[in-house]
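Residue numbers (our numbering), protein chains in the order written: chain U, 192 to 354; chain Y, 6 to 295.
C-beta atoms are modelled at their ideal positions from N, C-alpha and C, and glycine is treated no differently.
Let me begin by presenting the structure, written as structure tokens, before commenting on it.
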Amino acid sequence: MTHELHDITLVVNGRSHPIRVEARRTLADAIREECGLTGTHLGCEHGVCGACTVLLDDQPVRACLMFAVQADGRAIRTVEGLAHGDTLSPLQKAFIEQHALQCGYCTPGFLMLGTAILEQNPDIGDEELIEILSSNLCRCTGYANILRAVRAAAAAMREEGVA
Amino acid sequence: MKPAGFAYHDPQTVAEAVALLGRLENARLLAGGQSLMPMLAMRVAFPDHLIDLNRVEGLDGITVEQGVLRIGAMTRQRSIERSAAIREACPLMTEALTHVGHLQTRNRGTIGGSLCHLDPSAELVTVAAALDATIEVAGPEGQRDVAIADFPLGFMTPALAPEEMVVAIRIPLWPREHGYSFMEFARRHGDYAIVSAAALLVLDSAGRIARASVTLGGVGAAPLRVTTAETALVGEAPTPALFRAAAACCEGIEAMEDPQAPAWYRQRLAAVLTRRALERAWARATGEAA
Numbered sequence: 192m193t194h195e196l197h198d199i200t201l202v203v204n205g206r207s208h209p210i211r212v213e214a215r216r217t218l219a220d221a222i223r224e225e226c227g228l229t230g231t232h233l234g235c236e237h238g239v240c241g242a243c244t245v246l247l248d249d250q251p252v253r254a255c256l257m258f259a260v261q262a263d264g265r266a267i268r269t270v271e272g273l274a275h276g277d278t279l280s281p282l283q284k285a286f287i288e289q290h291a292l293q294c295g296y297c298t299p300g301f302l303m304l305g306t307a308i309l310e311q312n313p314d315i316g317d318e319e320l321i322e323i324l325s326s327n328l329c330r331c332t333g334y335a336n337i338l339r340a341v342r343a344a345a346a347a348m349r350e351e352g353v354a
Numbered sequence: 006m007k008p009a010g011f012a013y014h015d016p017q018t019v020a021e022a023v024a025l026l027g028r029l030e031n032a033r034l035l036a037g038g039q040s041l042m043p044m045l046a047m048r049v050a051f052p053d054h055l056i057d058l059n060r061v062e063g064l065d066g067i068t069v070e071q072g073v074l075r076i077g078a079m080t081r082q083r084s085i086e087r088s089a090a091i092r093e094a095c096p097l098m099t100e101a102l103t104h105v106g107h108l109q110t111r112n113r114g115t116i117g118g119s120l121c122h123l124d125p126s127a128e129l130v131t132v133a134a135a136l137d138a139t140i141e142v143a144g145p146e147g148q149r150d151v152a153i154a155d156f157p158l159g160f161m162t163p164a165l166a167p168e169e170m171v172v173a174i175r176i177p178l179w180p181r182e183h184g185y186s187f188m189e190f191a192r193r194h195g196d197y198a199i200v201s202a203a204a205l206l207v208l209d210s211a212g213r214i215a216r217a218s219v220t221l222g223g224v225g226a227a228p229l230r231v232t233t234a235e236t237a238l239v240g241e242a243p244t245p246a247l248f249r250a251a252a253a254c255c256e257g258i259e260a261m262e263d264p265q266a267p268a269w270y271r272q273r274l275a276a277v278l279t280r281r282a283l284e285r286a287w288a289r290a291t292g293e294a295a
């Protein structure tokens, strides 16, 4: 009974993945194992580190703190959906240019969180930006370069918008 | 760090959810999951059944009517934080929410979940106590109201029967010109507070304190209304010395001890945060602070 399988559809980056999972399967595990999209990383698996951050209906959530069955039919975006072909998103480019990553483990989570910030509030104040970014753990960069990358991406997007 | 197996239930109505609670052994409700999921992953909670409330109709929503704010149990913390109606009518709650978890967890976390999880330091429970909230509870016999003062039975234990669930919280609003402040100290922003303090003040036409509410989170098993401080304030002219004297009431209260902080530290923190919260509430009541 408790290992009953559920047929659900995860819509990840616009593509439907009909999958069969136990109810106890987290969204993060289902994205990685059943959908084969391993860009979403799992750090702590209990909602502390933010590495598994994805966008659910465009809102950043921790994919380890949701069950896959709860995301049935909802629009999910992961790091694989950021680039268009070989063209990286402005935030991805800025992460490279500003050295906002070292080991890269936390990067997918920061990219999704940063993407949500840039979409919802590109003119966000420093204090709020620091507060939001500090919800994800990075043990390499010291955060300064991640902040700089989000700012640089916002500027690049504004320029693109004008051009 | 993977949850153990459980049977998943996905009711559409409160009646169905209550019926499931009555019928199933060792069942738990799943609201936003931002506390329950880690407990499942670490296997400190191991229900046989999870009843997911996320698709239950009519459990979310914010209304302000006839001086009462009502928030549905499944309303996300983020929706409350961003509600213009709440910012205007009940700004203490808006201020407290900036300390609750992080953007990602507030997008999922619910007010009903916070109330029922009943962590001793939970900001929303402290705010509910400060504002004399009423909890609406649904069960097999229908609905009943529980005053927030009677809601915590003990450490992380709400006064709910196994087949009951919270459907909403009602908060009687303070007069528009009241002053308020929520302050807390946590080791990292977004963590549960070691101690938090909520203060509300209303001044009369002569500038004296007509009404006061002082509440501490994180010192005991449940939020604590510091009635001695409230009594010391009411009828007096607000001065820094008065606030210091009222805050000193917090030094004598019984405080819990845990690996984060000893009791004496919590008592001291309680007094300092209460004094600062009262000063800020006063400045807001007089229009001197935003």
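For GLU70/Y, the uninterrupted beta strand (DSSP E) run begins and ends at 67-70, by DSSP. Listed as beta-bridge partners of THR244/U by DSSP are ARG253/U. As summarised for the segment 58-102 of chain Y, the continuous alpha helix (DSSP H) elements at least 4 residues long and confined to that stretch are 82-87, 89-94 and 96-102, given in chain order. Counting along the chain, the unbroken beta strand (DSSP E) around TYR13/Y starts and ends at 12-14. Around the CB of PHE286/U, 16 or more other CB atoms lie within 10 Å, so the residue is classed as buried.
Within the model, the alpha-carbon separation for GLY147/Y versus GLU168/Y is close to 11 angstroms. ALA266/Y sits away from ALA251/Y, with the two beta carbons spaced by 8 angstroms or more. In chain order, PRO8 place their CB closer than 8 angstroms to the CB of MET42/Y, counting only its own chain and leaving out the 5 sequence neighbours on each side. The Cβ atoms of LEU338/U and LEU309/U do not sit closer than 8 angstroms to each other. For GLY10/Y, the chain U residues whose Cβ falls inside 8 angstroms of its Cβ are THR193, HIS194, GLU213, ALA214 and ARG215, in order along the chain.
In this structure, LEU247/Y is the residue among LEU74/Y, LEU247/Y and ALA24/Y with its C-alpha nearest to the C-alpha of ALA276/Y.
Secondary structure note for GLY118/Y: its alpha helix (DSSP H) is the uninterrupted segment 116-122.
In the DSSP assignment, THR162/Y forms a beta bridge with GLY159/Y.
Taking ALA282/Y as reference, the option from PRO245/Y, PHE187/Y and ALA135/Y with the minimal CA-CA separation is PHE187/Y. DSSP places ALA268/Y in the uninterrupted alpha helix (DSSP H) bounded by 268-290. DSSP, reduced to helix, strand and coil, places MET42/Y within a helical segment of the structure shown. Per DSSP, the continuous alpha helix (DSSP H) segment holding ILE323/U begins and ends at 317-324. Residues of the segment 240-262 of chain U with a C-beta less than 9 angstroms from any C-beta of chain Y: GLY241, THR244, LEU247, GLN250, PRO251, VAL252, ARG253, CYS255, LEU256, MET257, PHE258, VAL260 and GLN261, listed in chain order. Look at GLY234/U here: in three-state DSSP terms it is coil, with no helix or strand label. For a Cβ distance threshold of 8 angstroms, residue set HIS107 and LEU108 of chain Y lies close to ILE323/U, ordered along the chain.
It is roughly 21 angstroms from the alpha-carbon of GLU30/Y to the alpha-carbon of SER40/Y. With 16 or more other Cβ atoms from the protein chains shown falling within 10 Å of its own Cβ, GLU128/Y counts as buried.
Pairing PRO125/Y with GLY222/Y gives a Cβ-Cβ distance under 8 angstroms.
Taking the Cα of GLU182/Y as reference, the smallest distance to any Cα among THR18/Y, VAL224/Y and ALA295/Y is reached at ALA295/Y. Annotation for GLN283/U: the continuous alpha helix (DSSP H) segment containing it runs 281-288. Classified as buried, ARG111/Y has 16 or more neighbouring CB atoms from the shown chains inside 10 Å of its CB. One finds TYR13 in chain Y with Cβ atoms closer than 9 angstroms to the Cβ of HIS197/U, taken in chain order. Taking 8 angstroms as the CB threshold, GLU224/U stays off the interface with chain Y. Annotation: the continuous alpha helix (DSSP H) that includes VAL19/Y extends over 19-28. A distance below 6 angstroms between beta-carbons, with the five flanking residues on each side excluded, links LEU136/Y to the following residues of its chain, in chain order: ILE176. Short of 8 angstroms from the beta carbon of GLY272/U, and not among the five residues preceding or following it, lie these beta carbons of its own chain, in chain order: VAL203, ASN204 and GLY205. Under the Cβ criterion of 8 angstroms, GLU236/U is counted among the residues facing chain Y.
Distance from the CA atom of GLN283/U to the CA atom of ALA274/U, rounded to whole angstroms, is 8 angstroms. Between THR193/U and ASP53/Y, the C-beta spacing is below 8 angstroms.
A contact is defined here as three or more CB-CB pairs under 8 angstroms, and the segment 213-231 of chain U fails this definition with respect to the segment 341-354 of chain U.
Distances from the alpha-carbon of PRO228/Y to those of ALA203/Y, MET44/Y, ALA217/Y and PHE11/Y put ALA203/Y closest.
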